[in-house]
Amino acid sequence: AEKRQTKITEDLENVRQKYCLDFSKDIRKASEASKWKEESFMHIIISFCFLLRTVFSRSVSINRFSVLQIFNDPVHGYIELHPLLVQMIDTPQFQRLRYIKQLGTKYLVYPGATHTRFEHSIGVAHLARCLLKTLHENQPELNITKQDSLCVQIAALCHDMGHGPFSHLFDGMFIPEVQPGNIYVVLLKHERASVDMFRCMRKKNGLDKEMERYGLNLPEDIQLFKVNIFSFLQWSMKGRTEDKSFLYEIVANKVNGIDVDKWDYLVRDCYYLGIPCGFDSQRLLKSARVCNVNERKHICFRDKVADNIYGMFHTRYTLHRQALQHKIGYIIDDALVLADDKLSPDRKISDAIDDMLEYTKLTGQRNWVHICYTQMQIWLKPEAFCRTLSTDGCQSLWERPD
1 AEKRQTKITE DLENVRQKYC LDFSKDIRKA SEASKWKEES FMHIIISFCF LLRTVFSRSV
61 SINRFSVLQI FNDPVHGYIE LHPLLVQMID TPQFQRLRYI KQLGTKYLVY PGATHTRFEH
121 SIGVAHLARC LLKTLHENQP ELNITKQDSL CVQIAALCHD MGHGPFSHLF DGMFIPEVQP
181 GNIYVVLLKH ERASVDMFRC MRKKNGLDKE MERYGLNLPE DIQLFKVNIF SFLQWSMKGR
241 TEDKSFLYEI VANKVNGIDV DKWDYLVRDC YYLGIPCGFD SQRLLKSARV CNVNERKHIC
301 FRDKVADNIY GMFHTRYTLH RQALQHKIGY IIDDALVLAD DKLSPDRKIS DAIDDMLEYT
361 KLTGQRNWVH ICYTQMQIWL KPEAFCRTLS TDGCQSLWER PD
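UniProt numbering numbers the first residue of the sequence shown as 1 and each following residue consecutively.
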């Protein structure tokens with residue numbers, strides 16, 4: 001990011017030197033040829049060059065601190081992200097999500113289900129920003145600050161950083177099976193790992209200074225981030241006062257389950273699976289308001305979008321029935337559980353949950369997938385899988401022991 005900003009500064013300075021100074025010389029020659037007063041023209045040129053320099057300098061500052069970067073997403077179209085979020089995306093800890101399949105092993109059953117936690121996380125951050133913008137414009141009395149918005153966007157972006165290979169298979173089935181007595185798994189699952197990974201990302205990439213540069217108060221705002229990540233917690237007087245308790249219902253809504261995380265993964269899963277999506281997330285977003293319910297502020301929706309909300313939960317039901325509970329998917333999941341001690345003679349796959357640097361390297365690619373296929377010979381004919389997967393050394397994976 002620093003190299004990119006330095007390059008922008010150099011380019012703008014080159015433009016200023018080339019055009020401002022050349023333009024000044026041309027005007028001087030014109031003034032001499034026409035016998036006009038040089039002092040008047042030079043005063044104009046100096047003022048003009050100063051103006052351009054000011055504009056260029058401001059453009060660097062704006063690009064560095066204010067301008068949202070645009071990305072093209074197949075689900076949401078053009079989306080805008082805060083530059084601080086872009087810096088977080090460029091870290092190894094977040095780039096790891098490119099290799100964590102959103103639907104776990106289901107891409108081995110459904111050819112289109114190849115999307116990852118990477119694009120899902122970006123989509124959730126985008127929807128969080130849009131929802132906060134809607135609430136701020138329609139209810140300015142909520143006093144949603146730029147820092148509030150940025151904190152929630154960071155939580156939305158990083159909420160899934162703790163997922164292991166094949167997403168919920170890892171923390172929901174694999175780790176509980178191979179480490180049944182691990183308190184880490186019993187209580188916290190991938191949300192705990194997301195907070196640990198976020199801490200590792202900040203430390204290894206020097207992000208604390210960048211966060212402070214954007215006006216964040218780290219001790220307080222980190223609490224807001226953590227509570228947003230732990231979806232099993234409701235507002236707990238950490239990070240913000242009770243009048244902003246609604247901020248904790250944007251990324252993961254414990255009250256009613258209607259949140260931007262669910263909006264993105266339902267629409268995205270339907271898109272890549274080829275299943276019709278039965279609700280409009282944009283309509284829900286535009287109709288959201290903060291209301292006082294039982295002496296606390298909650299995010300609510302108009303009664304006229306009740307059918308749309310029903311469609312959202314029905315879409316989730318449809319996805320589980322038609323795709324997420326496929327029997328072949330369960331067979332693959334069982335094979336992965338048997339692969340824990342097959343990757344390395346001296347270490348198990350599950351050991352990585354205690355070291356975030358090792359966890360960063362743990363994805364759903366290559367070795368573990370091949371081991372998975374090896375285990376599948378217990379249930380299925382190996383020749384069928386060799387036809388399914390074309391990789392170097394595939395035949396050696398199917399050599400049965402005597």
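Here a beta-carbon is modelled for each residue, glycine too, at the ideal position from N, C-alpha and C.
Bridge partner(s) assigned by DSSP for residue i
{"i": "ILE89", "result": "For ILE89, which the question treats as bridged, DSSP gives no partner whatsoever."}
{"i": "CYS200", "result": "DSSP lists no partner for CYS200."}
{"i": "VAL290", "result": "ILE299"}
{"i": "ASN72", "result": "TYR78"}
{"i": "THR116", "result": "LYS101"}
Secondary structure of residue i, DSSP reduced to three states
{"i": "GLU383", "result": "Low confidence applies here, because GLU383 scores a pLDDT of 43, under 50, leaving its location unreliable; read the following figure in that light. Correct three-state label for GLU383: helix."}
{"i": "ASP208", "result": "helix"}
{"i": "ASN367", "result": "For ASN367, the predicted structure reports a pLDDT of 46, less than 50, and the residue's modelled location is therefore unreliable. The matter cannot be settled from this model."}
{"i": "VAL251", "result": "coil"}
{"i": "MET312", "result": "helix"}
{"i": "ARG129", "result": "helix"}
{"i": "ASN138", "result": "helix"}
{"i": "TYR110", "result": "coil"}
{"i": "PHE94", "result": "helix"}
{"i": "LEU224", "result": "helix"}
{"i": "ASP148", "result": "helix"}
{"i": "THR241", "result": "coil"}
{"i": "GLY123", "result": "helix"}
{"i": "ILE216", "result": "At residue 216 the sequence reads Leu, which differs from the Ile that was named. Three-state result, LEU216: coil."}
{"i": "GLN282", "result": "helix"}
{"i": "VAL67", "result": "coil"}
{"i": "HIS163", "result": "coil"}
{"i": "CYS277", "result": "coil"}
{"i": "ILE258", "result": "coil"}
{"i": "HIS326", "result": "coil"}
{"i": "LEU157", "result": "helix"}
{"i": "LEU266", "result": "helix"}
Pairwise C-alpha distance: residue j and residue i
{"i": "ASP307", "j": "GLU141", "result": "29 Å"}
{"i": "ARG192", "j": "ARG199", "result": "11 Å"}
{"i": "ASP221", "j": "LYS327", "result": "43 Å"}
{"i": "THR374", "j": "LYS101", "result": "Annotation note: pLDDT 46 at THR374 (below 50); position unreliable, coordinate value reported separately. Rounded to whole angstroms, THR374 to LYS101 spans 20 Å at the Cα level."}
{"i": "ARG289", "j": "ILE250", "result": "12 Å"}
{"i": "LEU127", "j": "ILE258", "result": "13 Å"}
{"i": "VAL109", "j": "GLN95", "result": "25 Å"}
{"i": "ILE309", "j": "PRO276", "result": "15 Å"}
{"i": "ASN138", "j": "PRO111", "result": "42 Å"}
{"i": "ASP261", "j": "VAL267", "result": "10 Å"}
{"i": "ARG283", "j": "THR134", "result": "11 Å"}
{"i": "MET88", "j": "MET201", "result": "8 Å"}
{"i": "PHE301", "j": "PRO219", "result": "33 Å"}
{"i": "LEU285", "j": "ARG117", "result": "22 Å"}
{"i": "LYS203", "j": "HIS136", "result": "32 Å"}
{"i": "VAL305", "j": "MET312", "result": "11 Å"}
{"i": "PHE279", "j": "ASP73", "result": "19 Å"}
{"i": "ARG213", "j": "LEU103", "result": "37 Å"}
{"i": "ASP196", "j": "GLY162", "result": "8 Å"}
{"i": "GLN153", "j": "ILE331", "result": "37 Å"}
{"i": "HIS115", "j": "HIS320", "result": "17 Å"}
{"i": "VAL124", "j": "LEU97", "result": "14 Å"}
{"i": "LEU85", "j": "GLU210", "result": "10 Å"}
{"i": "ILE122", "j": "LEU157", "result": "6 Å"}
{"i": "LEU224", "j": "GLN147", "result": "11 Å"}
{"i": "PRO92", "j": "SER194", "result": "14 Å"}
{"i": "VAL369", "j": "ALA155", "result": "Its pLDDT being 49, under 50, VAL369 is placed unreliably in this model, and the coordinates cannot settle the point."}
{"i": "ILE160", "j": "CYS151", "result": "One point to set straight first is that residue 160 is Asp, not Ile, in the sequence displayed. Straight-line Cα distance between these residues: approximately 15 Å."}
Neighbour-count burial assignment, residue i, 16 or more Cβ in a 10 Å radius
{"i": "VAL293", "result": "exposed"}
{"i": "THR318", "result": "buried"}
{"i": "GLY206", "result": "exposed"}
{"i": "LYS106", "result": "buried"}
{"i": "LYS226", "result": "buried"}
{"i": "ILE70", "result": "exposed"}
{"i": "ASP243", "result": "exposed"}
{"i": "GLU295", "result": "exposed"}
{"i": "GLN325", "result": "exposed"}
{"i": "ASP264", "result": "buried"}
{"i": "TYR248", "result": "buried"}
{"i": "ASP269", "result": "buried"}
{"i": "ASP303", "result": "exposed"}
Residue i Cβ short of 6 Å to the ligand PLP heavy atom set
{"i": "LEU131", "result": "The ligand PLP is not part of this structure, which contains no ligands at all."}
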